[in-house]
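Chemist: What follows is a structure written as structure tokens; I'll ask about it next.
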Amino acid sequence: MTMFADIHATVLAALNEMCAEGRLPAGLDMRAVAVEPPRDAAHGDMATNAAMVLAKPAGMNPREIAVALAEKLTKDARIASAEVAGPGFLNLRLTAAAWRGVVATILAQSASYGRSALGQGRRINVEYVSANPTGPLHVGHTRGAVFGDALARLLDFTGHDVTREYYINDGGAQVDVLARSVYLRYLEAHGQEVAFADGTYPGDYLIEVGQALKDEVGDAYLGQDEAVWLSAIRDFATDRMLVLIREDLATLGVEMDVFYSEKSLYGTGRIEAALADLRGKGLIYEGVLEPPKGKTPEDWEPREQTLFKSSEFGDDVDRPVMKSDGSWTYFAPDIAYHYDKITRGFDELIDIFGADHGGYVKRMKAAVAALSNNRVPLDIKLMQLVRLKRGDQELKMSKRAGTFVTLRDVVEMVGPDVTRFVMLTRKNDAPLDFDVDKVREQSKDNPVFYVQYAHARVQSVLRKGAELGIMPGGADDLAAISDPAELALVAKLAHWPRLVESAAEAHEPHRIAFYLYELASDFHALWNKGNGEPALRFLQEDDLATSRGKFAMIRAVAIVISNGLGILGVQPADKM
49 MTMFADIHAT
59 VLAALNEMCA
69 EGRLPAGLDM
79 RAVAVEPPRD
89 AAHGDMATNA
99 AMVLAKPAGM
109 NPREIAVALA
119 EKLTKDARIA
129 SAEVAGPGFL
139 NLRLTAAAWR
149 GVVATILAQS
159 ASYGRSALGQ
169 GRRINVEYVS
179 ANPTGPLHVG
189 HTRGAVFGDA
199 LARLLDFTGH
209 DVTREYYIND
219 GGAQVDVLAR
229 SVYLRYLEAH
239 GQEVAFADGT
249 YPGDYLIEVG
259 QALKDEVGDA
269 YLGQDEAVWL
279 SAIRDFATDR
289 MLVLIREDLA
299 TLGVEMDVFY
309 SEKSLYGTGR
319 IEAALADLRG
329 KGLIYEGVLE
339 PPKGKTPEDW
349 EPREQTLFKS
359 SEFGDDVDRP
369 VMKSDGSWTY
379 FAPDIAYHYD
389 KITRGFDELI
399 DIFGADHGGY
409 VKRMKAAVAA
419 LSNNRVPLDI
429 KLMQLVRLKR
439 GDQELKMSKR
449 AGTFVTLRDV
459 VEMVGPDVTR
469 FVMLTRKNDA
479 PLDFDVDKVR
489 EQSKDNPVFY
499 VQYAHARVQS
509 VLRKGAELGI
519 MPGGADDLAA
529 ISDPAELALV
539 AKLAHWPRLV
549 ESAAEAHEPH
559 RIAFYLYELA
569 SDFHALWNKG
579 NGEPALRFLQ
589 EDDLATSRGK
599 FAMIRAVAIV
609 ISNGLGILGV
619 QPADKM
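Residues 49 to 624 (our numbering) are what the sequence shown spells out, left to right.
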């Protein structure tokens with residue numbers, strides 16, 4: 049149990065007592081009763097809406113309920129006061145002893161503090177990165193990789209059964225372009241001069257692939273028509289690119305459970321099976337779409353096509369799945385892929401797309417709703433663009449890739465921990481400026497440094513204490529935590545389990561980064577306050593009991609920072 053959960057249980061117990069005493073009607077639905085932080089911290093430590101949500105079904109004045117509930121709650125030793133505010137909100141203040149109990153809980157639970165059974169083992173598929181296998185991952189993919197991995201870790205931390213999945217877009221024309229580009233590098237490896245036409249991939253990363261192809265097939269493809277070598281080189285190049293992509297992801301500490309090939313959907317009956325499911329539900333028909341207003345999308349034809357009734361599930365218009373010439377639209381294999389996810393038994397799907405996929409959200413949600421009979425929710429997170437900067441100069445090109453800055457370039461410049469944390473300092477749907485010089489600064493304005501420095505400061509104090517034979521204390525020593533600034537820091541720690549669950553429910557791992565920065569700020573403020581007030585210093589060499597109590601508090605801070613950084617995939621720093 050956590051502090052908020054404990055107090056929530058106490059409120060429900062008090063309400064049930066009031067029902068038993070006849071002060072409230074029996075059988076009230078208590079599910080809407082909540083205990084949360086007040087909007088204004090000056091109003092108290094926690095607030096409950098119990099009187100407000102029960103007044104109408106109870107047929108009573110909310111303030112009448114609130115006053116009676118306050119009388120019950122103040123009998124609890126942990127609750128210092130319960131004050132009725134406004135029409136019937138109840139603001140609670142906890143005793144110092146109650147907050148000290150949070151420290152004991154954190155030390156006891158350690159790495160498990162904040163973990164929960166929220167997910168109850170629900171199976172969630174998180175699909176992320178899913179870049180075309182045509183080259184190294186770029187800085188935009190980096191943000192999606194970090195977000196997806198952090199979200200998967202967050203969901204795992206809250207009791208979900210998570211599958212991390214990469215969808216290999218190896219079924220489209222871009223893979224043919226890759227094969228032609230590799231063929232040019234193959235010719236180069238044989239000493240021929242080549243020219244890269246517009247639309248091919250000129251990056252240096254294909255030089256090694258061309259040489260590897262030469263080593264494998266010799267001169268077998270020299271002077272041959274494209275029909276001879278295109279399919280074979282496409283497979284060869286795709287395999288090489290996937291090795292490169294896996295290596296790129298590994299530099300960030302990202303590992304996938306599943307790599308799913310789009311090509312495996314073609315010629316295997318999987319696309320046909322998904323559309324047959326929709327056709328059996330009366331959701332596939334032959335028709336002609338009205339010409340759209342404004343810009344004409346690529347999948348519109350003024351001829352009869354095979355259409356999916358996506359408009360019945362919230363989309364703006366119906367969507368074509370087969371063109372008039374009998375070929376599939378790009379939407380058809382995506383329908384089949386998500387149908388496959390559903391048949392694998394996932395309870396929930398999460399797709400992490402680039403910002404350019406905004407127009408794809410409604411149709412994909414419509415397809416999943418139709419295929420799963422509205423059983424499986426699909427959440428699509430769009431990743432806005434990243435602008436990589438060095439001071440005022442924007443970095444746009446990489447020698448290795450030729451046209452963009454790669455994931456590996458970023459990691460080599462600043463390291464995986466900094467890369468991961470910075471990518472989560474903005475919500476996914478907000479653009480992100482990544483200044484590679486700024487993130488190297490050792491200042492409050494650098495959130496990565498600020499959080500890791502807090503952890504390192506704690507470790508430095510604990511190491512010095514250990515040299516003196518002083519270790520974090522137990523329950524008998526926690527009375528040393530008494531200053532309002534110390535209690536405020538502990539209160540921040542008490543918010544951690546609740547914050548974790550809310551971040552998981554919203555699929556927003558950036559909330560973890562925000563919280564850690566706030567916690568680090570509170571810790572550094574207390575450290576600085578100790579510079580002027582010796583009694584607040586964590587190490588009191590002439591008072592071992594006080595030192596043990598304060599050590600317990602800062603050890604709790606380090607545990608929460610470490611747990612939070614673990615969700616983000618960042619290593620806590622012990623020295624800086």
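Here a beta-carbon is modelled for each residue, glycine too, at the ideal position from N, C-alpha and C. The structure displayed is predicted, hence computed values, not measured ones.
If we count the other Cβ atoms within 10 Å of its Cβ and call it buried at 16 or more, is G597 buried or exposed?
Modeler: Indexing the sequence shown from 1 puts residue 597 at position 549. Classification of G597: buried, given that the 10 Å Cβ count is 16 or more.
Chemist: Label T182 either buried or exposed according to how many other C-beta atoms from any shown protein chain fall within 10 Å of its C-beta, with 16 as the threshold for buried.
Modeler: As a working note, residue 182 is residue 134 in the sequence shown. When all chains shown are included, T182 counts as buried.
Chemist: Leaving out five residues before and five after Q168 in sequence, what residues of the same chain have Cβ atoms less than 7 Å from its Cβ?
Modeler: Your numbering for residue 168 matches position 120 in the sequence shown. Excluding residues within five positions, the ones whose Cβ falls inside 7 Å are G207.
Chemist: Mapping DSSP to helix, strand and coil, what is L480?
Modeler: Mapped onto the sequence shown, residue 480 falls at position 432. Strand.
Chemist: At what residues does the alpha helix (DSSP H) containing L561 begin and finish?
Modeler: Walking along the sequence shown from the start, residue 561 turns up at place 513. According to the sequence provided, residue 561 is Ala. The question's Leu does not apply to it. It spans 558-580 - the alpha helix (DSSP H) in which A561 sits, taken as one unbroken run.
Chemist: Name the one or two DSSP bridge partners that I172 has.
Modeler: On the sequence shown, position 124 is the one that residue 172 refers to. Its beta-bridge partners are V210, E396.
Chemist: Quick one: residues in its chain with C-beta nearer than 6 Å to the C-beta of L232, no 5 flanking neighbours on either side, listed in chain order?
Modeler: Here residue 232 refers to the residue found at position 184 when the sequence shown is read from its first residue. So the list reads V242, once near-sequence residues are dropped.
Chemist: By how many angstroms is the C-alpha of I609 removed from the C-alpha of I390?
Modeler: The residue labelled residue 390 in the question sits at position 342 within the sequence shown. The residue labelled residue 609 in the question sits at position 561 within the sequence shown. Approximately 36 Å, taken between the alpha carbons.
Chemist: Have a look at E175 and I319 and give me their C-alpha separation to the nearest angstrom.
Modeler: If you number the sequence shown from 1, residue 175 lands on position 127. If you number the sequence shown from 1, residue 319 lands on position 271. Their backbone Cα atoms lie some 19 Å apart in a straight line.
Chemist: Should H628 be labelled buried (16 or more other beta-carbon atoms within 10 Å of its own) or exposed?
Modeler: Residue 628 lies beyond the residue range present for the chain, which begins at 49 and ends at 624; the question has no answer from this structure.
Chemist: Cβ atoms of D395 and V424: under 8 Å apart, would you say?
Modeler: Position 376 of the sequence shown, counted from the first residue, corresponds to residue 424. Position 347 of the sequence shown, counted from the first residue, corresponds to residue 395. Yes; because the gap between Cβ atoms is below 8 Å, this pair is in contact.
Chemist: Looking only at its chain, what residues have a beta carbon closer than 8 Å to the beta carbon of L419, apart from the 5 residues adjacent to it on each side?
Modeler: One-based indexing of the sequence shown puts residue 419 at position 371. Cβ neighbours of L419 beyond the five flanking positions: A322, D325, L326, I383, H386, Y387, I390.
Chemist: Starting from P368, trace the alpha helix (DSSP H) in both directions and tell me its first and last residue.
Modeler: For this step, residue 368 is matched to residue 320 along the sequence shown. That residue, P368, is in no alpha helix (DSSP H); its beta strand (DSSP E) goes 367-370.
Chemist: Let me confirm a value: K262 is counted as buried when at least 16 other C-beta atoms fall within 10 Å, else exposed. Which label applies?
Modeler: By one-based count along the sequence shown, residue 262 stands at place 214. Classification of K262: buried, given that the 10 Å Cβ count is 16 or more.
Chemist: For a quick check, are the C-beta atoms of R468 and G617 less than 8 Å apart?
Modeler: By one-based count along the sequence shown, residue 468 stands at place 420. By one-based count along the sequence shown, residue 617 stands at place 569. Cβ distance < 8 Å, so R468 and G617 count as in contact.
Chemist: Tell me which same chain residues have a C-beta within less than 7 Å of the C-beta of S359, skipping the five on either side of it?
Modeler: Within the sequence shown, residue 359 is the residue found at index 311, counting from 1. The residues are V365, D366.
Chemist: Hey, could you find the ends of the alpha helix (DSSP H) I602 is sitting in?
Modeler: Residue mapping note: residue 602 aligns to position 554 of the sequence shown, counting from 1. Run containing I602: 592-616, per the alpha helix (DSSP H) assignment.
Chemist: In terms of residue numbering, what span does the beta strand (DSSP E) encompassing V306 cover?
Modeler: Walking along the sequence shown from the start, residue 306 turns up at place 258. From DSSP, the beta strand (DSSP E) with V306 extends over 306-309.
Chemist: Have a look at the DSSP bridge pairing and note the partners of Q441.
Modeler: If you number the sequence shown from 1, residue 441 lands on position 393. Looking at the DSSP assignment, Q441 forms a beta bridge with R438.
Chemist: Let me know if A193 comes out buried or exposed under the rule of 16 or more other beta-carbons within 10 Å of its beta-carbon.
Modeler: In the sequence shown, counting from the first residue as 1, residue 193 sits at position 145. A193 is buried by the Cβ-count criterion.
Chemist: Could you tell me the alpha carbon to alpha carbon distance between T50 and A542, rounded to whole angstroms?
Modeler: Along the sequence shown, read from residue 1 onward, the residue named residue 50 stands at position 2. Along the sequence shown, read from residue 1 onward, the residue named residue 542 stands at position 494. Going from the Cα of T50 to the Cα of A542 covers about 7 Å.
Chemist: Quick test of the definition: if touching needs 3 or more C-beta pairs under 8 Å, does the segment 207-218 touch the segment 243-254?
Modeler: Short answer: they don't touch.
Chemist: Going by DSSP, name the residue or residues bridged to M461.
Modeler: Indexing the sequence shown from 1 puts residue 461 at position 413. In DSSP, M461 forms no bridge with anything.
Chemist: Take the Cβ of Q500 as the centre, count every other Cβ of all protein chains shown within 10 Å, and call the residue buried at 16 or more, exposed below.
Modeler: Translated into the one-based positions of the sequence shown, residue 500 becomes position 452. That one is buried.
Chemist: Going by beta-carbon coordinates alone, are L436 and E442 separated by less than 8 Å?
Modeler: Here the question's residue 436 lines up with position 388 in the sequence shown. Here the question's residue 442 lines up with position 394 in the sequence shown. Result yes, Cβ atoms of L436 and E442 sit closer than 8 Å.
Chemist: Could you spell out where the alpha helix (DSSP H) holding Y498 opens and where it closes?
Modeler: As a working mapping, residue 498 is identified with position 450 in the sequence shown. Per DSSP, Y498 belongs to the alpha helix (DSSP H) from 495-515.
Chemist: Which residue marks the beginning of the beta strand (DSSP E) containing T96, and which one marks its end?
Modeler: If you number the sequence shown from 1, residue 96 lands on position 48. It spans 94-96 - the beta strand (DSSP E) in which T96 sits, taken as one unbroken run.
Chemist: Taking buried to mean at least 16 other C-beta atoms within 10 Å of its own C-beta, is S160 buried or exposed?
Modeler: Mapped onto the sequence shown, residue 160 falls at position 112. S160 comes out exposed.
Chemist: Give the straight-line distance between the Cα atoms of D524 and A593, rounded to the nearest whole angstrom.
Modeler: Position 476 of the sequence shown, counted from the start, is the residue given in the question as residue 524. Position 545 of the sequence shown, counted from the start, is the residue given in the question as residue 593. Roughly 9 Å separates the two Cα atoms.
Chemist: Does the distance from the C-beta atom of I615 to that of I560 stay below 8 Å?
Modeler: Taking the sequence shown and counting its residues from 1, the one referred to as residue 615 is at position 567. Taking the sequence shown and counting its residues from 1, the one referred to as residue 560 is at position 512. Cβ atoms of I615 and I560: closer than 8 Å.
Chemist: Would you tell me roughly how many angstroms separate the C-alpha atoms of A527 and A145, rounded to the nearest one?
Modeler: Translated into positions along the sequence shown, residue 527 becomes position 479. Translated into positions along the sequence shown, residue 145 becomes position 97. The straight-line gap from Cα to Cα measures roughly 8 Å.
Chemist: Could you say which of V115, D93, A61, A106 lies nearest to L76 if we only look at CA atoms?
Modeler: Mapped onto the sequence shown, residue 76 falls at position 28. Checked all of V115, D93, A61, A106; the closest Cα to L76 is A106.
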